[in-house]
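Visitor: Under the UniProt record's numbering, the residue at position 291 of the sequence shown is numbered 291, and the numbers go up by one with no gaps.
Built from N, CA and C at the ideal position, the CB exists for glycine as well.
Given the structure is predicted, the values throughout are model-derived calculations rather than measurements.
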Amino acid sequence: MEISTLQSNEYFRGELYSEIEEKPKRWYHRVLEFILPSRRNMNLYITRFFVVFFFCLFLFGLLGKHVLPGSEIFGLLLLAFFAVIGGKIVGFMKLPPLIGMMFVGFLYRNLKFNPYFDHISWKTISSVREIALAYILMRAGLGINAEKLMKLKLLVLRLVLIPCIIEAAAIAVITHYSLGLPWIFAIMLGWLMSAISPEVVMPLITDLENNGYGVNKGINTLIIAALSLDDILAIAAFTICFSIAFSTADLTLTIVKGSLEPLVGLAYGAVFGVIFWHFPSIKMKNAKLVYYNVLLLSFGCMAILFLSDMYRLPGAGPLGCITLAFVAGINFRKNERQFRGIQTVTKNLWILIQPFLFALIGAEVTLETLENSAAFGALSIMCGLTLRCIVTIFVCAGAGFDFKEKLFVVVSWIAKATLQAAIGSQALDFARQHELDKDLIQHGTTVLNVSVLSIVMTAPLGAILISLLGPVLLPQDVIPSDSDENFEEEDTNAVQSEEPVLEGRTSSAALVQKDKQNT
Numbered sequence: 001m002e003i004s005t006l007q008s009n010e011y012f013r014g015e016l017y018s019e020i021e022e023k024p025k026r027w028y029h030r031v032l033e034f035i036l037p038s039r040r041n042m043n044l045y046i047t048r049f050f051v052v053f054f055f056c057l058f059l060f061g062l063l064g065k066h067v068l069p070g071s072e073i074f075g076l077l078l079l080a081f082f083a084v085i086g087g088k089i090v091g092f093m094k095l096p097p098l099i100g101m102m103f104v105g106f107l108y109r110n111l112k113f114n115p116y117f118d119h120i121s122w123k124t125i126s127s128v129r130e131i132a133l134a135y136i137l138m139r140a141g142l143g144i145n146a147e148k149l150m151k152l153k154l155l156v157l158r159l160v161l162i163p164c165i166i167e168a169a170a171i172a173v174i175t176h177y178s179l180g181l182p183w184i185f186a187i188m189l190g191w192l193m194s195a196i197s198p199e200v201v202m203p204l205i206t207d208l209e210n211n212g213y214g215v216n217k218g219i220n221t222l223i224i225a226a227l228s229l230d231d232i233l234a235i236a237a238f239t240i241c242f243s244i245a246f247s248t249a250d251l252t253l254t255i256v257k258g259s260l261e262p263l264v265g266l267a268y269g270a271v272f273g274v275i276f277w278h279f280p281s282i283k284m285k286n287a288k289l290v291y292y293n294v295l296l297l298s299f300g301c302m303a304i305l306f307l308s309d310m311y312r313l314p315g316a317g318p319l320g321c322i323t324l325a326f327v328a329g330i331n332f333r334k335n336e337r338q339f340r341g342i343q344t345v346t347k348n349l350w351i352l353i354q355p356f357l358f359a360l361i362g363a364e365v366t367l368e369t370l371e372n373s374a375a376f377g378a379l380s381i382m383c384g385l386t387l388r389c390i391v392t393i394f395v396c397a398g399a400g401f402d403f404k405e406k407l408f409v410v411v412s413w414i415a416k417a418t419l420q421a422a423i424g425s426q427a428l429d430f431a432r433q434h435e436l437d438k439d440l441i442q443h444g445t446t447v448l449n450v451s452v453l454s455i456v457m458t459a460p461l462g463a464i465l466i467s468l469l470g471p472v473l474l475p476q477d478v479i480p481s482d483s484d485e486n487f488e489e490e491d492t493n494a495v496q497s498e499e500p501v502l503e504g505r506t507s508s509a510a511l512v513q514k515d516k517q518n519t
């Protein structure tokens, strides 16, 4: 009887609350909600402010005048601070925040009244970018689902190999004759441009899948699987060309060495990836297990990158990173809670790192160098993308997709961002680090400029087209449930559900379920 009374009271209160919540809001309430952050977000912003504030106090107490204006640390932190603001502003426009971060970096370098960029050494810039590259490749490797790749292997291989090769070849030919790049640099740039950005595409595709679009035919699964393999192919081919371009040995020996360097990276990633299956032990508590998993992956990826640069084996580093994360992730995926915890931690770390990366990439571009390569660089990018789109439509033939679905696959292959930013700078950083010929430095600068241009042109375009055309081109096969929650919310609800709360509609549902079980 008591339970029934509680049920009716809870039901009444739930209905009353729902009526209050469904009451239409005035227009100015909606405007304020859109402009002003929620209480939860405001609390988060204030928390972040205190984190930055006390971090700066800590640095000042530790290093004293070496963090004051005029120092390298001050210039780097100031750049990251403005990059975060620029990313937030662009993010409000529903565009990738990296565009704003790169634009801030460009202004930071090219505004004459700002002297702080000159205080940052290229060695520091190179090191920061290497660390960021390690995290990009680590997250890309963790995102590769071996099971999905095996299920769709024939279609994925077809969708990756043909469009990727066509785009790389087109860009290589155009940049060789228009920008005067040597063939090996032109081919290297072509492979770099053929990589699609996981940071831009995967979150948008996942959101569409969560909302039920394109589920029955597995379109989203196909795109994510092909995206991962596309990045592996582009990185492997880029590293081979990279090794050949900067080698001073005999051509035959250079080709052999360039082909073997990726094998060194593959072997490193495979061996240590399997070792990470067993260390740390899965018998640890999940929090400690995730902690050591992330530490091992982070230091393992950074180690191969920095060691490959030190011993002039640039082809081994990037492929070693992505292979290490992929192989280790095969075993991590068996424990869903562990794997999602690793993804959450690496995502939060990436939030801290990305302002430094994209701001420093934008700061590498000067007005003079941009004017020299902008026109023909843009032409090569557009020609390569156009050919890729046309070829992709034909490659999708026989996959059971209608024209709208094929068009969406084409749209999803447009955005280029993170890999172009991080790997595009490797050629320039390597040439500077080893004090190579000025022509090599100039070619590396051209590669980086075209990479930055591709990000500016394609990242916002790809993000907008996926967001707008996804619901139009894809059928909504599944109606999403209101109970879908992210990893953090699941943990919170799991703790809260241990003790029933006699408030609101949730407690009513819990009581009804308990009553049914008792009867």
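Thinking just about the alpha-carbon of each residue, which of His278, Met150 and Ile304 is nearest to the one in Tyr292?
Guide: As a first step, residue 292 is located in the sequence shown; it is residue number 292 there, counting from the start. Ranking the options by Cα distance to Tyr292, first place goes to His278.
Visitor: Count the other C-beta atoms from every protein chain shown that fall within 10 angstroms of the C-beta of Phe238, then say buried if there are 16 or more, exposed otherwise.
Guide: On the sequence shown, residue 238 is found 238 positions in, with the first residue counted as 1. With 16 or more Cβ atoms within 10 Å of its Cβ, Phe238 is classed as buried.
Visitor: Given Ala316, which residues of its chain have a CB within under 6 Å of its CB, disregarding the five upstream and five downstream residues?
Guide: For this step, residue 316 is matched to residue 316 along the sequence shown. For Ala316, where only same-chain residues beyond five positions count, the Cβ hits under 6 Å are Glu261, Val264, Gly265 and Ser308.
Visitor: At a cut of 8 Å, does the region 433-446 reach the region 395-411 through at least three beta carbon pairs?
Guide: No contact exists between the region 433-446 and the region 395-411.
Visitor: Out of curiosity, what's the CA-to-CA distance linking Glu147 and Ile224?
Guide: Within the sequence shown, numbered from 1, the residue matching residue 147 stands at position 147. Within the sequence shown, numbered from 1, the residue matching residue 224 stands at position 224. Cα to Cα, the separation comes out at about 12 Å.
Visitor: Relative to the C-alpha of Ser259, which candidate in Val271, Ile244 and Phe272 has its C-alpha closest?
Guide: As a first step, residue 259 is located in the sequence shown; it is residue number 259 there, counting from the start. Ranking the options by Cα distance to Ser259, first place goes to Ile244.
Visitor: Tell me whether Tyr213 sits in a helix, a strand or coil according to DSSP, three-state version.
Guide: Locating residue 213 in the sequence shown gives position 213, where the first residue counts as 1. Correct three-state label for Tyr213: strand.
Visitor: May I have the straight-line CA-CA distance separating Val365 from Asp429, to the nearest angstrom?
Guide: Taking the sequence shown and counting its residues from 1, one reaches residue 365 at position 365. Taking the sequence shown and counting its residues from 1, one reaches residue 429 at position 429. Val365 and Asp429: Cα-Cα distance of roughly 14 Å.
Visitor: Taking the alpha carbon of Val274 as the reference point, which residue from Gln354, Gly329, Ser71 and Ala168 has its own alpha carbon closest?
Guide: Position 274 of the sequence shown holds residue 274. The option with the nearest alpha carbon to Val274 is Gly329.
Visitor: Quick one: grab the DSSP three-state call for Asn486.
Guide: The residue labelled residue 486 in the question sits at position 486 within the sequence shown. Low confidence applies here, because Asn486 scores a pLDDT of 43, under 50, leaving its location unreliable; read the following figure in that light. Looking at Asn486 - three-state DSSP - the assignment turns out to be coil, as it is neither helix nor strand.
Visitor: At the level of alpha carbons, what is the spacing between Glu488 and Ile166?
Guide: The residue you call residue 488 lines up with position 488 of the sequence shown. The residue you call residue 166 lines up with position 166 of the sequence shown. Interpretation of Glu488 is limited by its pLDDT of 42, a score under 50 that renders its predicted location unreliable; the figure taken from the coordinates is listed afterwards. About 42 Å.
Visitor: With DSSP as the reference, please indicate the residues paired to Gln476 in a beta bridge.
Guide: Taking the first residue of the sequence shown as 1, we reach residue 476 at position 476. Answer by DSSP bridge pairing, in chain order: Tyr213.
Visitor: Determine the direct distance from the alpha carbon of Ser247 to that of Ile162, and round the result to whole angstroms.
Guide: To locate residue 162, count along the sequence shown from 1; it is residue 162. To locate residue 247, count along the sequence shown from 1; it is residue 247. C-alpha separation (whole angstroms): 29 Å.
Visitor: Using a 10 Å radius around the Cβ and a threshold of 16 neighbouring Cβ atoms, would you call Lys416 buried or exposed?
Guide: Sequence index remark: in the sequence shown, residue 416 carries index 416 (1-based). Lys416 comes out buried.
Visitor: State the Cα-Cα distance for the pair Ile455 and Met102, rounded to the nearest angstrom.
Guide: The residue labelled residue 455 in the question sits at position 455 within the sequence shown. The residue labelled residue 102 in the question sits at position 102 within the sequence shown. Cα to Cα, Ile455 sits roughly 9 Å from Met102.
Visitor: With a threshold of 16 other CB atoms inside 10 Å of the CB of Asp439, please say whether the residue is buried or exposed.
Guide: Position 439 of the sequence shown, counted from the first residue, corresponds to residue 439. So Asp439 ends up on the exposed side.
Visitor: Ignore the nearest five residues each way along the sequence and tell me which others in Gly87's own chain have a CB closer than 6 Å to its CB.
Guide: In the sequence shown, counting from the first residue as 1, residue 87 sits at position 87. Cβ within range, chain order: Pro97, Gly100 and Met101.
Visitor: Please state whether DSSP places Gly100 in a helix, a strand or coil.
Guide: By 1-based counting over the sequence shown, the position of residue 100 is 100. Three-state result, Gly100: helix.
Visitor: In chain order, what residues of the same chain lie with their CB nearer than 6 Å to the CB of Ile144, ignoring the 5 residues before and after it?
Guide: The count along the sequence shown starts at 1 and reaches residue 144 at position 144. Only Ser228 and Phe326 meet the Cβ criterion.
Visitor: Could you check which residue in Thr344, Ala172, Ile393 and Gly212 has the C-alpha nearest to that of Val290?
Guide: Position 290 of the sequence shown, counted from the first residue, corresponds to residue 290. It is Thr344.
Visitor: Assuming Ala399 and Phe106 form a contact by the criterion Cβ under 8 Å, report the distance between their Cβ atoms to the nearest whole angstrom.
Guide: Stepping through the sequence shown from its first residue, residue 399 is reached at position 399. Stepping through the sequence shown from its first residue, residue 106 is reached at position 106. Actually they are not in contact, since the Cβ atoms of Ala399 and Phe106 sit about 41 Å apart, beyond 8 Å.
Visitor: Would Leu461 and Ile414 qualify as a contact pair, given that the criterion is a beta-carbon distance under 9 Å?
Guide: Mapped onto the sequence shown, residue 461 falls at position 461. Mapped onto the sequence shown, residue 414 falls at position 414. Result yes, Cβ atoms of Leu461 and Ile414 sit closer than 9 Å.
Visitor: Lys438 by DSSP, collapsed to three states: which one?
Guide: Locating residue 438 in the sequence shown gives position 438, where the first residue counts as 1. Helix, per DSSP.
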